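Residue numbers for the sequence shown follow our numbering, beginning at 5 and rising by one. Shown next, in structure tokens, is the structure this report addresses.
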Amino acid sequence: MRSPRQGIRAGVGLLPENRKTAGLAMSLPVDINVNLASYDLISRAGFVNLRREASRARRFVSDLAIRTPSIKQKVRNLSGGNQQKVVVAKWLSRESDVFIFDEPAVGVDIGAKVEIYKLLETLLAKGNAILLVSSYLPEVMGLADRIIVVYEGKVTGTLQRSEFEEEKLLRLASGIVDDRGGKA
């Protein structure tokens with residue numbers, strides 16, 4: 005994939021670290037944000053089917069338990085966890101198969117973190133793939149099946165769940181090599 009458009013067409017949805025500037029249109033309501041990536045699926049000849057737009061938004065608000073008084077509520081008035089859910093809804097409405105979560109729990113309270121982690125588990129149970137980008141080691145170790153460690157732009161190690169050890173991960177993340185000249 006060489007462009008965001010190709011990624012979207014391939015079924016990849018990005019949930020960026022800074023969802024407020026890169027993942028959401030904060031001044032727009034929930035219903036528009038939910039459908040942002042899929043207007044081509046709900047419009048004809050450039051005209052949006054407003055009933056379909058609202059119906060899809062209500063469905064995802066319900067499915068993801070997004071706490072909002074209305075689908076017309078501006079996204080900026082939602083909590084961080086509910087904003088994150090709106091970004092997920094946007095990509096679910098696009099029928100994405102692969103989700104890239106970049107620092108998914110940054111800027112949300114502990115209750116929202118738990119909800120986000122449950123949402124990740126739900127997506128996995130439905131057969132979706134998740135690429136989790138995180139600098140928070142407990143989050144990675146708790147959620148991942150496999151960890152690929154990158155240091156200065158290069159892969160320093162790949163570990164399966166049975167190999168997860170905090171010290172080993174920290175050494176790989178620091179680029180530290182063992183006494184034999186290999187990676188830690």
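All C-beta atoms in this analysis are idealised placements derived from N, C-alpha and C, irrespective of residue type, glycine included. The structure presented is a predicted model; accordingly, all values stated were derived computationally and were not measured.
Cβ-based burial, residue i [other Cβ within 10 Å; buried from 16]
| i | result |
| --- | --- |
| Ala8 | This sequence places Pro at residue 8; Ala is not what is there. So Pro8 ends up on the exposed side. |
| Arg23 | buried |
| Gly17 | buried |
| Gln164 | exposed |
| Val79 | buried |
| Gln10 | exposed |
| Arg150 | exposed |
| Arg6 | exposed |
| Ile36 | buried |
| Leu176 | buried |
Boundaries of the beta strand (DSSP E) in which residue i is found, first to last residue
| i | result |
| --- | --- |
| Val102 | Val102 to Asp106 |
Beta-carbon spacing of residue i, residue j below 8 angstroms
| i | j | result |
| --- | --- | --- |
| Val153 | Val90 | no |
| Val137 | Phe105 | yes |
| Val52 | Leu68 | no |
| Ala14 | Val38 | no |
| Leu40 | Lys76 | no |
| Val110 | Glu21 | yes |
| Leu124 | Ile134 | yes |
N-terminal and C-terminal residue of the alpha helix (DSSP H) that residue i is part of
| i | result |
| --- | --- |
| Val91 | Gly84 to Ser97 |
| Gly11 | Pro8 to Arg13 |
Simplified DSSP assignment, three categories, for residue i
| i | result |
| --- | --- |
| Lys172 | helix |
| Leu68 | coil |
| Ser47 | strand |
| Leu40 | helix |
| Val52 | strand |
| Lys78 | strand |
| Val16 | strand |
- prompt: Can you list, in chain order, the stretches of the beta strand (DSSP E) that have 3 or more residues and sit fully within the stretch 116-166?
  reply: 133-137, 150-155 and 158-164
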